[in-house]
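Numbering (the numbering used here), first residue to last: 437 to 721.
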Ligand SMILES: [Zn+2]
Ligand SMILES: [Zn+2]
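Rendered as structure tokens:
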């Protein structure tokens, strides 16, 4: 398992590698542009080359791009839909440029509308973005199930994958906080294995592409997306250790998106702690 953290690329793409190295990461995740604006950031060849060079010289073996939060591929609003497809396409192109393992995407929201038609719209939008971009994979992230967000269950992820025609570039990113908040009790190895079993049966375990490790501030099934620092939430240390030591997860990148101390994001100490918890979990199996 390549454990690491979400880091900022502020100051240029190679800075993201620098921040990952400072935190002892084996994997990093970045936003390819400001997460709360539509304005795309374009990277020049020199920046991309410097990024690739820095990554090759580091212990970081995987980079994920998180698509921006404004995207809603399931939107009924024509303007938002067009912007969402353009932004996702741009993220996938940047992913191609920098050799990302995948772009991670929140599948979208039905808002207050009908879920099956929202899933169909999301699938069409995702297929358009895939058609407009090279080869970079796309990982649909499971959600905490707040409001009309799509991807709250393995069943919904399977329906989304179907809506994408089972496209070969589409995989899954499982977030531990979101799983717990949407009602999956993953506080034990048996609980995590249950999720993997459901993924195997409904999606195919080979679609598992990446992981987010976050503890949860809110309780099981609360449908609220509130990340806690590792070991400090409802999952606790045993829950995080169970997630990290799941056999089906061992070849995947796994990044922390925790608030950190004073909301500065995951620290080197926390990344190291996650690595320790993984060892602890493996020893307990
Ligand atoms: Zn996440
Ligand atoms: Zn979250």
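The C-beta atom is built at its ideal place from N, Cα and C for all residues, glycine as well. What you are looking at is a predicted structure, and each value in this text was computed from that prediction instead of being measured.
beta-carbon residue i near ligand 2 non-hydrogen atom, thresh 8 Å
i           : result
residue 693 : yes
residue 442 : no
residue 661 : yes
residue 613 : yes
residue 536 : no
Where residue i sits in the DSSP three-state scheme
i           : result
residue 600 : coil
residue 566 : helix
residue 525 : helix
residue 507 : coil
residue 496 : coil
residue 639 : coil
Best match in the options for proximity to residue i [C-alpha to C-alpha]
i           : options            : result
residue 488 : 460, 530, 506      : 530
residue 493 : 480, 465, 450, 472 : 450
residue 594 : 608, 470, 581      : 608
residue 591 : 444, 479, 620, 677 : 620
residue 466 : 718, 690, 709, 705 : 690
residue 668 : 650, 658, 551      : 650
residue 661 : 439, 437, 588      : 588
residue 682 : 672, 631, 663      : 631
residue 536 : 484, 557, 629      : 484
residue 576 : 582, 562, 707, 550 : 562
residue 627 : 477, 677, 642      : 677
residue 615 : 523, 559, 719, 653 : 653
Residue i CB to nearest heavy atom of ligand 1 below 8 Å
i           : result
residue 577 : yes
residue 650 : yes
residue 540 : yes
residue 609 : yes
Identity of the residues DSSP links to residue i by a beta bridge
i           : result
residue 651 : 664
residue 538 : 500
**Message:** Three Cβ pairs or more, each shorter than 8 Å: is that satisfied between the stretch 438-458 and the stretch 504-523?
**Reply:** no
**Asked** Does the pairing of the stretch 658-673 with the stretch 633-641 give three or more beta-carbon distances under 8 Å?
**Response** no
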